[in-house]
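J.: Take a look at this one; I'll ask things after.
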Amino acid sequence: MIDELRRGTLFSRLDAAQLARVSHHASRVTLDAEQMLFYQDDAATRFYLLLAGQMRLFRLAVDGGEKVIEIVNPGQTFAEALVFLNAPRYPVCAAALCPSQLLAIDAVDFASMLRDSVDTCFQLLGVLSQRLRGLIGEIDDLTLHTATSRVARYLVAKREPGQMQIALAVRKSVLASRLSVQPETFSRVIKALSEQGVIQVLGNQITVCDLNRLIQIAEIDDLIAPA
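Position 53 of the sequence shown, counted from 1, bears residue number 146 in my numbering, the numbering being contiguous throughout.
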């Protein structure tokens, strides 16, 4: 379990004693596809490190609809910010997108460990600060960019350096919610980009045919397409 903990950025710089302490209070969780981990407003006594699979964090609307807040991939932690709150409750629901394995971390004991180590506390604050910068960027995307631009920005971000193929690892409806567009709007954008020759779509596999044009549509001014 200690080796598994080291996969998470949050735990990668903990010393041997701290890792042993965290692992002593941690437990394993295995979820089937679509199985819930916790619900919005449940008491938050643990946070999680995803080892395998994929999770979606979402909020429920009054009408029962879902707004996907985050898609969690292996090596990422979630709900760790609640460590700093008294009697915290989860602000979102969490469910597995596919069969998933996680480590559940005791939030109370972890908070106690933070009180004993200023360095560890600053490390956690650094992780949370990066998360905050990402959220601010998302707010900019929602307020300053069109649906077409947001989809294009997602494709640019998911493309590995030197690669032109992008595999959509989640259902299109989930991805559309994550990008704050309607599923039918997402489909129209993908179709339009395909008809313009910017991308080529085969099932869940997308090939970027014109990277410079995709970046232009994404409105990423500070990114230069590689040759």
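Positions of the beta carbon are idealized from the N, C-alpha and C atoms, including for glycine.
Do the segment 100 to 114 and the segment 205 to 213 make contact, defined as three or more Cβ pairs closer than 8 Å?
T.: Result yes; three or more Cβ-Cβ pairs closer than 8 Å.
J.: Per DSSP, what are the beta-bridge partners of residue 293 in this structure?
T.: Note: residue 293 sits in a beta bridge opposite 300.
J.: Whole angstroms is fine: what's the gap from residue 95's alpha carbon to residue 223's?
T.: If I take the Cα positions, the gap works out to 24 Å.
J.: For residue 250 and residue 282, I'd like the C-alpha separation in whole angstroms.
T.: If I take the Cα positions, the gap works out to 17 Å.
J.: What residue range does the alpha helix (DSSP H) around residue 273 cover?
T.: Unbroken run through residue 273: none, as it is neither H nor E.
J.: To which residues does DSSP link residue 151 through a beta bridge?
T.: In the DSSP output, where bridge partners are listed per residue, residue 151 has 161, 186.
J.: Measure from the alpha carbon of residue 175 to the alpha carbon of each residue in 276, 218, 246, then state which is nearest.
T.: Among 276, 218, 246, the Cα nearest to that of residue 175 is on 218.
J.: Looking at residue 143 and residue 220, is the spacing between their C-beta atoms short of 8 Å?
T.: No. Outside cutoff.
J.: For the alpha helix (DSSP H) containing residue 98, list its first residue and its last residue.
T.: Where residue 98 is concerned, the enclosing alpha helix (DSSP H) stretches over 95 to 98.
J.: If we count the other Cβ atoms within 10 Å of its Cβ and call it buried at 16 or more, is residue 74 buried or exposed?
T.: What is shown of the chain runs 94 to 320, which leaves residue 74 out entirely.
J.: Indicate whether residue 184 and residue 133 have their beta-carbon atoms separated by less than 8 Å.
T.: Contact flag set, yes.
J.: Between the alpha carbons of residue 270 and residue 262, how many angstroms are there, rounded?
T.: Computed Cα separation, rounded: 14 Å.
J.: Suppose you measure from the CA of residue 99 to the CA of residue 105; what does that come to, to the nearest Å?
T.: Distance between the alpha carbons of residue 99 and residue 105 is about 5 Å.
J.: Do you know how far the Cα of residue 259 is from the Cα of residue 298?
T.: If I take the Cα positions, the gap works out to 6 Å.
J.: Can you list, in chain order, the stretches of the beta strand (DSSP E) that have 3 or more residues and sit fully within the segment 192 to 244?
T.: List check, beta strand (DSSP E) in window: 193 to 199.
J.: Would you decide whether residue 101 is buried or exposed? Buried here means 16 or more other CB atoms lie within 10 Å of its CB.
T.: When all chains shown are included, residue 101 counts as buried.
J.: Is residue 294 near the ligand SAM - that is, is its Cβ less than 7 Å away from at least one heavy atom of it?
T.: This structure does not include the ligand SAM; it has no bound ligands of any sort.
J.: With residue 258 as the anchor, note down where its alpha helix (DSSP H) starts and where it stops.
T.: Unbroken run through residue 258 is the beta strand (DSSP E), 258 to 260; no alpha helix (DSSP H).
J.: Keeping to the same chain, check which residues put their C-beta closer than 7 Å to that of residue 193; ignore five residues upstream and five downstream.
T.: Hits under 7 Å: 124, 143, 145, 146, 147, 148.
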